[in-house]
Amino acid sequence: MAVVLAMAALSIYATRLDVSPIYLTHDEVIYARNAYSIATTGRDLSGQLLPISIPVTGTFYATPANIYLTAAFLKVLPLSEVTIRLPSVLVGLLCVWMVYLIARRMLGVTCGLLASLILLLTPAHFIHSRLGTDHLYVVACVLAWWAVLARDGTSIRPGRMFMASAFLGLSLYTYLGAAITAPACVAITCAWLVMAGRRDRTIYLAAIAGFVVLAIPFVAWHLTHPGQYAQQVRMYALYDSQTLDAAQGARVLAAPASVAERGAVYWDYFNPSFLFFAGDTGLLNGTRYTGVFLLPMLILIPAGLLVAMMAGGSSRWMLMMLLAVSPLAAVVVAERYRINRALIMLPVAAVLATVAVEDLWRRRGRPGRWAAIVLIASLPLQFGGFYRDYFGDYRVRSYPWFEYNLRGGMAEIIHRADDGDEIWISQSLQWADYYWPFYLDVFGRRELGPRTHFLDPARARLNDIGAGYALCRAGEEQRFLDAGFTRVTAILEPDQAHTLSVLRR
Amino acid sequence: MTRPTLLAILLLAAAVAALYAYRLSDSPIYLTPDEVVIGLDAHALATTGTDLRGRTLPLYFQIDEFRVKGTTWYQPAIMYLTAAVLTIAPLTEWAIRSPAVLIGVVDVVLMFLLVRRLSPEASPAWLAAILLALSPAHFTHSRFAMDYIYPLPFILGWLLALSVYLEGRRPAALAIAGLCLGLGFYSYIAAIVLMPAFFALTLFVVWRDGLAGDWKYAALGFAGPLIPFAIWIATHPSVFTETVARYQFGSGDRMGPLDRFGLYWRYFSPSFLFFSGGSQLVFSTRVAGVFPLAPLLLLPAGVVAVLRRPSPLGVVATIGLLAAPLPAIVLDEGSAINRALEIVPFGIVLSVIGFNWLVQARPALRTASAATLIAVTAGQFVVFGSDYFGDYRRRAASWFHFNVRGGLAAIVDQTGGARRPVYLNDAIPWVESYWRFHLTAVGRNDLLDATRGFTHLDRAVPSGSLLLVSFTDPAMAAETDAAIRAGDFHLVREITEPDGVVSFVVLER
Numbered sequence: 460m461a462v463v464l465a466m467a468a469l470s471i472y473a474t475r476l477d478v479s480p481i482y483l484t485h486d487e488v489i490y491a492r493n494a495y496s497i498a499t500t501g502r503d504l505s506g507q508l509l510p511i512s513i514p515v516t517g518t519f520y521a522t523p524a525n526i527y528l529t530a531a532f533l534k535v536l537p538l539s540e541v542t543i544r545l546p547s548v549l550v551g552l553l554c555v556w557m558v559y560l561i562a563r564r565m566l567g568v569t570c571g572l573l574a575s576l577i578l579l580l581t582p583a584h585f586i587h588s589r590l591g592t593d594h595l596y597v598v599a600c601v602l603a604w605w606a607v608l609a610r611d612g613t614s615i616r617p618g619r620m621f622m623a624s625a626f627l628g629l630s631l632y633t634y635l636g637a638a639i640t641a642p643a644c645v646a647i648t649c650a651w652l653v654m655a656g657r658r659d660r661t662i663y664l665a666a667i668a669g670f671v672v673l674a675i676p677f678v679a680w681h682l683t684h685p686g687q688y689a690q691q692v693r694m695y696a697l698y699d700s701q702t703l704d705a706a707q708g709a710r711v712l713a714a715p716a717s718v719a720e721r722g723a724v725y726w727d728y729f730n731p732s733f734l735f736f737a738g739d740t741g742l743l744n745g746t747r748y749t750g751v752f753l754l755p756m757l758i759l760i761p762a763g764l765l766v767a768m769m770a771g772g773s774s775r776w777m778l779m780m781l782l783a784v785s786p787l788a789a790v791v792v793a794e795r796y797r798i799n800r801a802l803i804m805l806p807v808a809a810v811l812a813t814v815a816v817e818d819l820w821r822r823r824g825r826p827g828r829w830a831a832i833v834l835i836a837s838l839p840l841q842f843g844g845f846y847r848d849y850f851g852d853y854r855v856r857s858y859p860w861f862e863y864n865l866r867g868g869m870a871e872i873i874h875r876a877d878d879g880d881e882i883w884i885s886q887s888l889q890w891a892d893y894y895w896p897f898y899l900d901v902f903g904r905r906e907l908g909p910r911t912h913f914l915d916p917a918r919a920r921l922n923d924i925g926a927g928y929a930l931c932r933a934g935e936e937q938r939f940l941d942a943g944f945t946r947v948t949a950i951l952e953p954d955q956a957h958t959l960s961v962l963r964r
Numbered sequence: 209m210t211r212p213t214l215l216a217i218l219l220l221a222a223a224v225a226a227l228y229a230y231r232l233s234d235s236p237i238y239l240t241p242d243e244v245v246i247g248l249d250a251h252a253l254a255t256t257g258t259d260l261r262g263r264t265l266p267l268y269f270q271i272d273e274f275r276v277k278g279t280t281w282y283q284p285a286i287m288y289l290t291a292a293v294l295t296i297a298p299l300t301e302w303a304i305r306s307p308a309v310l311i312g313v314v315d316v317v318l319m320f321l322l323v324r325r326l327s328p329e330a331s332p333a334w335l336a337a338i339l340l341a342l343s344p345a346h347f348t349h350s351r352f353a354m355d356y357i358y359p360l361p362f363i364l365g366w367l368l369a370l371s372v373y374l375e376g377r378r379p380a381a382l383a384i385a386g387l388c389l390g391l392g393f394y395s396y397i398a399a400i401v402l403m404p405a406f407f408a409l410t411l412f413v414v415w416r417d418g419l420a421g422d423w424k425y426a427a428l429g430f431a432g433p434l435i436p437f438a439i440w441i442a443t444h445p446s447v448f449t450e451t452v453a454r455y456q457f458g459s460g461d462r463m464g465p466l467d468r469f470g471l472y473w474r475y476f477s478p479s480f481l482f483f484s485g486g487s488q489l490v491f492s493t494r495v496a497g498v499f500p501l502a503p504l505l506l507l508p509a510g511v512v513a514v515l516r517r518p519s520p521l522g523v524v525a526t527i528g529l530l531a532a533p534l535p536a537i538v539l540d541e542g543s544a545i546n547r548a549l550e551i552v553p554f555g556i557v558l559s560v561i562g563f564n565w566l567v568q569a570r571p572a573l574r575t576a577s578a579a580t581l582i583a584v585t586a587g588q589f590v591v592f593g594s595d596y597f598g599d600y601r602r603r604a605a606s607w608f609h610f611n612v613r614g615g616l617a618a619i620v621d622q623t624g625g626a627r628r629p630v631y632l633n634d635a636i637p638w639v640e641s642y643w644r645f646h647l648t649a650v651g652r653n654d655l656l657d658a659t660r661g662f663t664h665l666d667r668a669v670p671s672g673s674l675l676l677v678s679f680t681d682p683a684m685a686a687e688t689d690a691a692i693r694a695g696d697f698h699l700v701r702e703i704t705e706p707d708g709v710v711s712f713v714v715l716e717r
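Chains A and B, in that order, give the protein sequences.
Going by this note's numbering, the first residue of the first sequence is number 460, and it counts up by one from there.
Going by this note's numbering, the first residue of the second sequence is number 209, and it counts up by one from there.
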């Protein structure tokens with residue numbers, strides 16, 4: 460039975476990974492290039508041997524977890540869109556399994572299956588399980604922590620507590636936002652123990668030590684790379700890190716206006732419009748045709764919250780505290796409606812919804828049972844509509860968000876270029892300097908790399924450049940045509956829009 | 209009610225009146241266009257018994273000054289109350305704003321009386337009254353000659369009468385509750401939706417308590433005051449379409465339902481309620497929330513208390529709180545507390561319910577806890593008040609269209625009592641209304657016929673003409689400087705704002 464369910468889940472999540480999302484995002488390309496380098500040479504693109512933190516763009520460093528997991532896949536599978544997205548599928552399904560464990564412990568086997576089904580059919584979870592980025596990895600670590608606590612309960616022994624907290628320390632290497640979320644979860648752990656009446660000091664020490672031990676390399680690395688913190692502050696525009704030090708910056712963040720603004724952002728992460736109707740503001744993380752959750756959750760989540768509040772108990776309080784801290788990473792950077800920064804909310808909501816269903820089924824008589832049936836049965840129905848749109852019109856709506864059909868243009872050149880051809884790529888194609896070497900590796904044409912040049916068609920003397928191929932935006936094509944290039948092919952999008960051109964001289 | 213309690217209530221009312229009336233003429237810094245228009249119509253009513261259009265004691269007041277699509281109809285409550293004041297007071301900022309102060313004081317007293325009925329001790333009642341009095345939104349809106357605050361005494365009266373009915377089952381109390389809602393129907397435009405909704409809520413509460421047969425008393429009280437409205441709407445069939453046009457309902461540019469849902473949600477944002485207040489600097493200083501900080505803890509506690517043990521008043525307050533922003537989301541004005549001020553009394557009632565719930569395990573601490581919260585709230589209000597009477601005036605000057613009053617007063621001064629041609633820059637919003645108000649206030653309506661508007665400075669205007677020019681318009685400022693340098697006009701006076709910026713200039717040809 461478990462195998463059947465796992466295969467069914469895999470078939471839903473892993474199908475057509477190269478079709479939707481329509482193209483790779485630049486984050487996927489950047490992580491994949493580093494993963495491929497590590498898989499083939501043991502070093503990242505900057506030459507570091509098995510690094511803890513990996514430089515990606517400029518002086519910005521990425522967390523390593525998804526890069527290393529992707530590298531593991533690339534050890535046995537060829538470099539492709541499917542391969543670099545498979546690790547996220549694995550992590551997504553792992554989350555589904557851990558939600559099953561947590562809900563089973565809290566409410567029984569049937570509820571465990573229900574909670575896992577709800578998470579499986581959550582649009583935001585589905586979407587992020589198919590992106591080769593790192594946002595979902597922190598969720599897996601937090602669920603692992605939660606699963607240990609759910610299994611052992613408040614009588615947990617220090618050794619197991621250490622292990623649970625170690626997962627939180629591990630999460631620091633999965634996603635930048637974990638630097639906010641993980642300490643919050645450590646605090647929740649301590650509060651949970653206090654509410655349970657635990658007085659033995661060792662358990663609290665274990666709760667903190669597990670996190671701290673795994674965090675030591677993370678902290679040590681930041682101490683040896685002091686500029687990285689300032690870079691991250693600048694990237695997220697938290698404050699002016701060039702004129703303010705960390706203490707001054709903290710004061711800016713704690714100022715009343717900042718607190719008020721971030722409070723508003725926090726509240727907006729529970730906005731029903733965002734959660735149940737429109738979803739993420741960007742088409743990278745949502746389709747805009749469904750919310751983060753499906754519509755039945757509009758009833759199930761508040762109902763589950765109400766039941767949890769009324770019932771009390773340490774496990775219910777844990778649930779509410781986790782829900783409360785789930786958007787914290789997004790709040791710190793004051794970004795509204797970016798579910799990729801608050802994905803922890805998804806499994807928590809799945810468990811809350813299950814709490815609601817359990818209450819309806821057991822305590823509300825026949826009307827409650829019918830309500831539970833209708834609500835649960837509605838989930839796959841609406842998910843089906845979302846699924847169809849995801850593989851259909853969503854691809855057409857979203858291609859600008861995925862940097863247009865760079866793959867098509869680059870593949871065209873890669874397949875046509877001979878050994879002597881130079882290749883010219885317009886600098887206006889954002890991230891093309893990352894996509895190009897990626898697709899060279901995909902198609903095994905690395906030798907074209909040294910003969911590739913990036914130029915600004917508006918400033919370059921196109922008449923003076925040599926023979927070869929060019930890739931540019933459709934709007935820049937005329938400049939090349941005027942310089943004696945001829946169009947080889949127009950690169951079209953799914954709606955037949957001509958966005959890029961491949962030209963040859 | 210004992211004599212000491214009555215005395216205490218009178219002292220409370222006096223203290224609130226003194227606080228709310230302090231510097232009423234210049235805080236808010238200037239009159240808004242709405243205040244000017246209301247002042248003019250109320251003055252006409254007070255002096256002639258008719259509105260500015262010659263209608264005798266109208267039910268609703270037709271306003272065309274804003275030149276928006278269609279006609280605007282203003283509610284009668286503020287007009288008649290302001291007119292009552294203007295029968296004994298001259299037309300001044302203080303006079304037209306004083307009715308709002310009175311409304312605010314009545315709110316605080318009613319809140320005290322309401323909560324006094326809910327608790328055996330007086331401390332929760334004092335806490336509720338002080339929280340309401342020192343709520344930044346309530347304080348701010350008790351100083352405007354606008355009707356946003358007018359529904360509140362009717363809502364509090366309704367809650368008080370309803371609580372009397374629920375305790376003693378007296379039909380007269382239920383009728384009075386309905387009457388409060390019926391009269392409140394004329395307080396503010398959103399009341400047209402809210403008061404019937406609260407009436408339906410009354411019927412629900414009555415039914416829930418097994419007293420469904422008493423519904424007719426509530427209906428009688430509610431329906432009676434609505435008879436004039438029914439007659440009036442039958443004789444003014446275009447009002448509905450005019451109101452729709454004014455608020456641009458049905459326009460293709462309006463918000464979609466999802467945006468409205470999102471907007472509704474933001475009315476309950478802790479940032480909005482406890483830290484930053486409304487989005488418009490006219491109605492909020494933006495450095496204080498709608499409520500003081502104490503309800504940040506007490507209000508959620510009140511909601512939890514109602515969920516755990518739903519008392520009738522708790523249920524009413526919760527539903528009232530949830531319903532309060534609904535009329536506001538019709539408009540695309542962000543978090544506009546002025547349009548959802550009904551949140552305040554329901555929020556305070558729930559906060560006190562939360563307070564009682566939190567201290568129920570330690571009743572001995574009730575008085576001390578209330579006193580502490582009052583002290584903290586008072587301290588917070590001192591900070592808020594310092595800003596409100598200080599830097600807020602400077603920050604908000606542009607939102608109040610700058611010191612038009614100063615410019616117009618300078619023009620009148622310069623006439624020296626004589627009738628001289630006056631030219632008012634069309635770039636100054638609502639300048640005609642401000643001019644009419646000022647002339648009425650100083651008794652110089654003789655200058656009205658001599659007044660013209662202008663868009664660009666014209667050397668052809670008669671010698672001796674006085675001009676008021678907007679200096680905040682860069683193009684106008686440049687034109688003015690050039691005209692002065694060329695000797696076409698003489699600079700009479702610069703009108704400055706609190707931060708020293710010149711907003712208007714008075715010129716003489």
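From the three backbone atoms N, C-alpha and C, an ideal C-beta is built for every residue, glycine too.
Nothing here was measured: the structure is a model prediction, and the numbers come from that model.
**Item:** B/R261 burial status per 10 Å Cβ neighbour count (16 or more: buried)
**Value:** exposed
**Message:** Please report the distance separating the alpha-carbon of B/A297 from that of B/P436.
**Reply:** 29 Å
**Request:** Could you list which residues in chain B have their beta carbon closer than 8 Å to that of A/M768, in chain order?
**Result:** V512, L515
**Asked** What three-state label does DSSP hand A/L525 in the structure shown?
**Response** According to the sequence as given, residue 525 of chain A is Asn; it is not Leu. Helix at A/N525.
**Residue from A/A719, A/A815, A/H594 with nearest C-alpha to B/G485** = A/A719
**Item:** beta strand (DSSP E) segment containing B/F712, residue limits
**Value:** 710 to 716
**Message:** Could you compute how far the alpha carbon of A/P537 sits from the alpha carbon of A/I489?
**Reply:** 17 Å
**Message:** Short of 6 Å in beta carbon distance, which residues of its chain neighbour B/T449, apart from the five on each side in sequence? Order them along the chain.
**Reply:** none
**Message:** Assess contact between the segment 610 to 627 of chain B and the segment 635 to 655 of chain B, defined as three or more Cβ pairs (one per stretch) separated by less than 8 Å. Is contact present?
**Reply:** yes
**Message:** Taking 8 Å as the threshold (beta carbon to beta carbon), is A/V718 in contact with chain B?
**Reply:** yes
**Request:** Starting from B/Y631, follow the beta strand (DSSP E) in both directions and report where the run begins and ends.
**Result:** 630 to 633
**Message:** Tell me which residues share the same chain as A/A623 and place their Cβ nearer than 7 Å to its Cβ, disregarding the 5 neighbours each side in the sequence.
**Reply:** W604, V607, L608, G669
**Request:** Indicate whether A/A491 and A/I639 have their beta-carbon atoms separated by less than 8 Å.
**Result:** no
**Item:** Those residues which DSSP pairs with B/G257 across a bridge
**Value:** Paired residues: none, contrary to the question.
**Request:** Quick one: grab the DSSP three-state call for A/W604.
**Result:** helix
**Asked** Using the rule of at least 16 other Cβ atoms within 10 Å of the residue's Cβ for burial, across every protein chain shown, is B/P519 buried or exposed?
**Response** One detail in the question is off: residue 519 of chain B reads as Ser in this sequence, not Pro. Flag for B/S519 reads exposed.
**Asked** Should B/F406 and B/G528 be called a contact, given that it needs their Cβ atoms to be closer than 8 Å?
**Response** yes
**Request:** Using a Cβ cut-off of 8 Å (strictly closer), state whether A/P755 contacts chain B.
**Result:** no
**Message:** Extract the residue ranges of the alpha helix (DSSP H) inside the segment 284 to 343 of chain B, only unbroken runs of 4 or more that lie entirely within it.
**Reply:** 284 to 294, 301 to 326, 331 to 341
**Asked** Looking at the structure shown, is A/Y728 part of a helix, part of a strand, or coil, going by DSSP?
**Response** coil
**Asked** Going along the chain, which residues of its own chain have a beta-carbon closer than 6 Å to the beta-carbon of A/V724, five neighbours each way excluded?
**Response** V790, A793, R795
**Item:** Limits of the unbroken alpha helix (DSSP H) element including B/G587
**Value:** 574 to 596
**Request:** Please determine, among A/I758, A/R920, A/R905, A/T746, the residue with the shortest C-alpha to C-alpha distance to A/G449.
**Result:** Residue 449 of chain A lies beyond the range of chain A shown here (460 to 964); nothing can be said about it.
**Message:** Taking its Cβ as the centre, do 16 or more other Cβ atoms sit within 10 Å of A/G571, making it buried, or is it exposed?
**Reply:** buried
**Prompt:** A/W726 versus chain B: which residues are under 9 Å apart at the beta carbon?
**Reply:** W473, R474, F476, S477, P478, S479, F480
**Message:** Please report whether the beta-carbon of B/S484 lies at a distance below 8 Å from any beta-carbon of chain A.
**Reply:** yes
**Item:** Contact check, B/F563 vs B/L335, beta carbons under 8 Å
**Value:** yes
**Asked** Based on the DSSP secondary-structure assignment, which residues constitute the bridge partners of A/C931?
**Response** A/S960
**Prompt:** Would you say B/V495 faces chain A, with C-beta separation under 8 Å as the test?
**Reply:** yes
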